[in-house]
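Engineer: Numbering (my numbering), first residue to last: 611 to 833. We put the CB at the ideal spot given by N, CA and C, even for glycine. I'd like to ask some things about the structure below.
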């Protein structure tokens with residue numbers, strides 16, 4: 611029953627305009643300033659079984675859900691698609707247990723985190739896969755190779771960034787995504803992850819430092 615409710619999640623038209631490719635900063639910014647009051651209202655109605663409210667809520671959150679799942683699974687399009695779709699199903703089932711005094715974003719991302727981890731474990735048990743990254747453009751990049759065709763350099767830089775990101779721990783990768791792409795502050799991440807602000811700050815610093823080292827070896831500077 612629950613699965614059939616979520617068939618709407620990606621109509622063909624939506625797939626054509628919102629494919630689960632690695633997320634661009636431009637796309638994230640369009641979805642990064644939600645009307646929080648409306649989100650809470652829709653979530654409250656959805657938690658009581660209002661399917662229309664659930665659909666509206668998920669359309670508003672789809673870009674953020676797929677972006678988070680994509681970052682967690684290392685930007686593998688197939689794994690990201692599976693994790694995002696499974697997250698929708700789990701969110702639908704879990705919303706009745708959400709309490710309004712709890713941050714909605716933290717609750718939804720927590721479900722996406724668990725789902726993405728489960729998808730990665732499931733696929734790791736059955737087969738290994740190589741990840742093909744077409745484009746990933748979420749953070750500022752500066753290449754020392756200024757000459758050449760701009761598009762080729764941009765694509766190359768995006769690929770190098772994705773390769774470096776994949777070498778991070780999945781939780782650190784997703785945390786860095788939330789901080790850098792969705793502009794989540796330290797206190798918000800602290801609440802979301804249940805960790806002290808100092809711990810969040812240290813993990814972000816170490817993740818970014820590791821990326822900087824990896825990218826420097828590839829001839830790029832992260833800024």
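Is residue 820 helix, strand or coil when you go by DSSP?
Structural biologist: As a first step, residue 820 must be located in the chain shown, where it is residue number 210. In this structure, residue 820 counts as helix in the three-state DSSP scheme.
Engineer: Which residues in the same chain as residue 706 place their Cβ atom closer than 8 Å to its Cβ, once the five residues preceding and following it in sequence are excluded?
Structural biologist: Translated into the one-based positions of the chain shown, residue 706 becomes position 96. Closer than 8 Å at Cβ, skipping near neighbours: 657, 658 and 659.
Engineer: Could you pull out every residue in the same chain whose Cβ sits closer than 6 Å to the Cβ of residue 788, ignoring the five residues on either side in sequence?
Structural biologist: Taking the first residue of the chain shown as position 1, residue 788 is located at position 178. Only 794 meet the Cβ criterion.
Engineer: Give a yes or no on contact between the stretch 645-652 and the stretch 674-681, applying the rule of three or more CB pairs nearer than 8 Å.
Structural biologist: The answer is no - the stretch 674-681 does not touch the stretch 645-652, with fewer than three Cβ pairs under 8 Å.
Engineer: Grouping DSSP H, G and I as helix and E and B as strand, with all else coil, what is residue 708?
Structural biologist: Residue numbering aside, residue 708 sits at position 98 when the chain shown is read from its first letter. Here residue 708 sits in coil by DSSP.
Engineer: Measure the alpha-carbon distance for residue 717 versus residue 816 and round it to whole angstroms.
Structural biologist: Locating residue 717 in the chain shown gives position 107, where the first residue counts as 1. Locating residue 816 in the chain shown gives position 206, where the first residue counts as 1. Roughly 25 Å separates the two Cα atoms.
Engineer: Quick one, which of 684, 701 and 780 has its alpha-carbon nearest residue 667's?
Structural biologist: In the chain shown, residue 667 corresponds to position 57, counting from 1. Comparing Cα-Cα distances from residue 667 to each of 684, 701 and 780, the minimum goes to 701.
Engineer: Considering only the alpha carbon of each residue, which of 732, 695 and 723 lies closest to residue 803?
Structural biologist: Reading the chain shown from its first residue, position 193 is the one you call residue 803. With distances taken between Cα atoms, residue 803 lies closest to 723.
Engineer: Between 689, 810 and 771, which has its C-alpha nearest residue 823's C-alpha?
Structural biologist: Along the chain shown, one-based indexing puts residue 823 at 213. When each option's Cα is compared against that of residue 823, the closest is 771.
Engineer: Distance, Cα to Cα, residue 675 vs residue 719?
Structural biologist: Taking the first residue of the chain shown as position 1, residue 675 is located at position 65. Taking the first residue of the chain shown as position 1, residue 719 is located at position 109. Residue 675 and residue 719: Cα-Cα distance of roughly 7 Å.
Engineer: Quick one: give me the first and last residue of the alpha helix (DSSP H) that residue 682 is part of.
Structural biologist: Taking the first residue of the chain shown as 1, we reach residue 682 at position 72. Unbroken alpha helix (DSSP H) run through residue 682: 661-682.
Engineer: Does residue 609 come out as helix, strand or coil in the three-state DSSP assignment?
Structural biologist: The chain is shown only over 611 to 833; residue 609 falls outside these bounds and no answer can be derived.
Engineer: In whole angstroms, what separates the C-alpha of residue 769 from that of residue 809?
Structural biologist: On the chain shown, residue 769 is found 159 positions in, with the first residue counted as 1. On the chain shown, residue 809 is found 199 positions in, with the first residue counted as 1. Roughly 29 Å between the two C-alpha positions.
Engineer: Could you name the residues of the same chain whose beta carbon sits closer than 7 Å to that of residue 807, not counting the 5 residues immediately before and after it, in chain order?
Structural biologist: For the purposes of this step, residue 807 is taken as the residue at position 197 of the chain shown. For residue 807, where only same-chain residues beyond five positions count, the Cβ hits under 7 Å are 796, 797 and 800.
Engineer: Can you check which of these residues, 684, 703, 709 and 714, is closest to residue 726 by C-alpha distance?
Structural biologist: By one-based count along the chain shown, residue 726 stands at place 116. Minimum Cα distance to residue 726 is reached at 684.
Engineer: The alpha helix (DSSP H) spanning residue 649 covers which residue range?
Structural biologist: Indexing the chain shown from 1 puts residue 649 at position 39. Segment 646-657, the alpha helix (DSSP H) holding residue 649.
Engineer: Whose CA, out of 697, 710, 691 and 692, lies closest to the CA of residue 654?
Structural biologist: As a working note, residue 654 is residue 44 in the chain shown. If we check each option's Cα against that of residue 654, 710 comes out closest.
Engineer: Do you know offhand how far residue 721's Cα is from residue 697's?
Structural biologist: Residue 721 sits at position 111 when you count from the first residue of the chain shown. Residue 697 sits at position 87 when you count from the first residue of the chain shown. Their backbone Cα atoms lie some 7 Å apart in a straight line.
Engineer: Hey, would you say residue 814 sits closer than 8 Å to residue 785, going by beta carbons?
Structural biologist: Counting from one through the chain shown, the residue named residue 814 turns up at place 204. Counting from one through the chain shown, the residue named residue 785 turns up at place 175. Yes; because the gap between Cβ atoms is below 8 Å, this pair is in contact.
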